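Below you'll find the structure, written out as structure tokens, and then a few comments.
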Amino acid sequence: MMTTVEEPVGLDVDTLMAFVLRAVDEVGATLNAGLVVMGDELGYYRAMATGPTTPARLAHDTGTAETYAREWLAAQAAGGFVALDPVSGEYTLPPEHAVALTDEQSPAFLPGLFQLALGTLADTGRVVGAARAGGGLGWHEHGPDVHVGCERFFRPSYHAHLVSEWLPALDGVVERLERGARVADIGCGHGASTVIMAQAFPASTFVGSDYHAASIAHARRRAEEAGVADRVDFEVAPAQEFGGSGFDLVTTFDALHDMGDPVGAARHVRSAIADDGTWMVVEPMAGDSVHDNLTAVGRVYYGFSTLLCTPASLSQDVGLALGTQAGPARLRDVVTTGGFTRFAQVAQTPFNQVLEVRP
Ligand SMILES: C[S@@+](CC[C@H](N)C(=O)[O-])C[C@H]1O[C@@H](n2cnc3c(N)ncnc32)[C@H](O)[C@@H]1O
């Protein structure tokens, strides 16, 4: 029997082809996550930061196989990460790209974000299963690329902004830290923020906490390496139960939306903070409506929200699933329901908003 396939009426073939080609570009970008992690791990970018190279030279400089260096360089040139001189056959990493791809202290440093993305994508199948079953996937259930990538992505930004901009934006907090304050950093992960604050304010004491025991073990090592372990304690505890009371400053960096019960966390912070204390909540940059967040950064955050942060929240009791793009109005609602009365957005970067929350 003969069948005929009819083109749907009104289908614009040019629009279809334009979408397919744009999507193919995105497949290239998806594969580039693996290529950036490869370049970071094998030292390709660091070797290229010293000057133009060829596949043979790059392989020699990094002690790797030339065929991989050859294909990787071509892929990087096709994606515009490096430039190819068609006459000499040499590949160059522009100096601005070299900063973004090799300078681990720069707020422009990118490999941590790619490592986090790749580690997240590796667990896509488990998220698909959780979406079918209506369950979650805990932060602790992911591989080390998620935990290490997260630290490497956020640390440079905390290094650049936390002491110089974010803490000074809070009313009276720097003066208290200089005099000697008690600080709790909850959901501290590998402790990057805790250690940076401890280094800047030697008269103050700090307690970092996180429900993920492996992250806290990592944080303890970081504090020792930084020489601040005498003033920094770490504790394995969920945000609804961390120890201590009368804190002058409580901080939460990119963790509130990952929690199953952020309102319960807010209630506990209220009970643990001094009446004249401050809770600094750093959350992903976001506006209040989906429409506000349809940007390049919003797209990345919605991707992480779907595959990483929302499953993390759903894996815990309550499972509020705020998502990475909750926006200031929703966050205000969470902390005021938890017992706080004052709320202000006091600083922002392209990636983060800084909220001052007070009793
Ligand atoms: C995106 S990471 C941020 C880590 C760290 N604050 C940083 O900025 O690098 C989110 C962190 O929240 C922690 N977390 C999730 N739910 C938590 C809970 N209920 N109590 C305490 N920590 C929690 C995770 O273990 C993870 O370390």
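Quick note on numbering: the sequence shown equals residues 0 to 358 in numbering that gives the first Met the number 0. Heads up, the beta-carbon is just placed ideally off N, CA and C, and yes, glycines get one too. Note that the structure is a prediction, hence the values are computed from the model and not measured.
Asked: Anticipated Cβ contact below 8 Å, Phe153 with Asp184, distance rounded; Found: So it is not a contact: roughly 13 Å between Cβ atoms.
Asked: C-beta atoms of Val86 and Leu72 nearer than 8 Å; Found: no
Asked: Nearest candidate by alpha-carbon position, reference Val126, set Val345, Ser312 and Phe350; Found: Ser312
Asked: Gln198 and Arg151 closer than 8 Å at C-beta; Found: no
Asked: Assigned exposure category for Ala285 - 16 Cβ within 10 Å defines buried; Found: buried
Asked: Delimiting residues of the alpha helix (DSSP H) encompassing Arg16; Found: At residue 16 the sequence reads Met, which differs from the Arg that was named. Its alpha helix (DSSP H) spans residues Val12 to Leu41.
Asked: Proximity test, Ile369 beta-carbon vs ligand 1 heavy atom, cut-off 7 Å; Found: Summary: the structure shown does not reach residue 369, with the chain confined to residues 0 through 358, and so no result is reported for it.
Asked: Where Met0 falls: helix, strand or coil (DSSP); Found: Caution applies to Met0, whose pLDDT of 44 falls short of 50 and renders its modelled position unreliable; the model cannot decide the point.
Asked: Terminal residues of the beta strand (DSSP E) in which Pro283 lies; Found: Ile272 to Pro283
Asked: Unbroken beta strand (DSSP E) run spanning Phe342, endpoints; Found: Arg341 to Gln347
Asked: CB-CB length for Ala68 against Pro54, believed under 8 Å; Found: 5 Å
Asked: Cα-Cα separation, Leu112 to Val8; Found: 43 Å
Asked: beta-carbon Gln344 near ligand 1 non-hydrogen atom, thresh 7 Å; Found: no
Asked: Check: Gln324 C-beta below 7 Å from any heavy atom of ligand 1; Found: no
Asked: Ala121 versus Ala97: straight-line alpha-carbon distance, rounded; Found: 27 Å
Asked: Pairwise C-alpha distance: Gly78 and Met16; Found: 20 Å
Asked: Same chain, Cβ closer than 7 Å to Cys187, neighbours up to 5 away in sequence not counted; Found: Thr193, Gly207, Ser208, Asp209 and Ala218
Asked: Proximity below 8 Å, CB of Ser304 to CB of Gly322; Found: yes
Asked: Proximal residues to Asn351 (C-beta, below 6 Å), its chain only, five neighbours per side dropped; Found: Val281 and Met284
Asked: Unbroken beta strand (DSSP E) run spanning Val356, endpoints; Found: Asn351 to Arg357
Asked: beta-carbon Ala265 near ligand 1 non-hydrogen atom, thresh 7 Å; Found: no
Asked: Spatial distance of Gly50 from Ala76 (CA atoms); Found: 15 Å
Asked: Proximal residues to Val401 (C-beta, below 6 Å), its chain only, five neighbours per side dropped; Found: Coverage of the chain is limited to positions 0 through 358, which leaves residue 401 absent and any answer about it impossible.
Asked: Collapsed DSSP secondary structure at Thr204 in the structure displayed; Found: strand
Asked: Backbone CA spacing between Pro94 and Leu176 [nearest angstrom]; Found: 38 Å
Asked: Sequence-distant residues of the same chain with beta carbon closer than 7 Å to His141, five excluded per side; Found: Gly118 and Asp122
Asked: Burial state of Glu355 (16 or more Cβ within 10 Å); Found: buried
Asked: Contact check, Val235 vs Gly276, beta carbons under 8 Å; Found: no
Asked: Pro237: CB within 7 Å of a non-hydrogen atom of ligand 1; Found: yes
Asked: Cβ-Cβ separation, Pro155 to Leu214 (assumed contact under 8 Å), whole Å; Found: Note on residue identity: the sequence assigns Ser, not Leu, to residue 214. 18 Å between Cβ atoms; not a contact.
Asked: N- and C-terminal bounds of the beta strand (DSSP E) containing Thr323; Found: Unbroken run through Thr323: none, as it is neither H nor E.
Asked: Environment of Ala238 [buried if 16+ CB atoms lie within 10 Å]; Found: buried
Asked: Whether Gly135 touches Ser314 by CB criterion (8 Å); Found: yes
Asked: Close-in-space but distant-in-sequence residues of the same chain around Gln347 (CB under 7 Å, 5 per side omitted); Found: Met284 and Val353
Asked: Complete alpha helix (DSSP H) runs within the segment 99-139 (minimum length 4 residues, chain order); Found: 110-120 and 123-132
Asked: Nearest residue (CA-CA) to Glu240, options Glu223, Arg298, Asp260 and Val231; Found: Asp260
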